[in-house]
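Each residue of the sequence shown is one higher than the one before, starting from 55 at the first, in this note's numbering. Below is one structure, written out as structure tokens, with a few remarks after it.
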Amino acid sequence: MLSKSQISFIKSLHQKKYRKENGIFIIEGIKSIVEFL
Numbered sequence: 055m056l057s058k059s060q061i062s063f064i065k066s067l068h069q070k071k072y073r074k075e076n077g078i079f080i081i082e083g084i085k086s087i088v089e090f091l
């Protein structure tokens, strides 16, 4: 189970500013994940 702070962090990654700041991004969807791997 994810904590509230983890959920908040993941939600923040939907904004470019926070992805760039943290150097982290989210990949959604099976096709995108397979392409990444």
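Note that the Cβ used here is the ideal one computed from N, Cα and C, for glycine as well. This structure is a prediction, so every number in the text was calculated from the model and none was measured.
Beta-carbon proximity list for residue i, same chain, < 8 angstroms, skipping 5 on both sides
i	result
Ile-64	Leu-56, Ile-80
Leu-67	Arg-73, Asn-76, Ile-78, Phe-79, Ile-80
First through last residue of the alpha helix (DSSP H) which encompasses residue i
i	result
Glu-89	84-90
Ile-15	Residue coverage of the chain in this structure runs from 55 to 91, which leaves residue 15 outside it and unanswerable.
Residue i to residue j span [Cα, whole Å]
i	j	result
Lys-58	Lys-70	21 angstroms
Ile-84	Leu-91	11 angstroms
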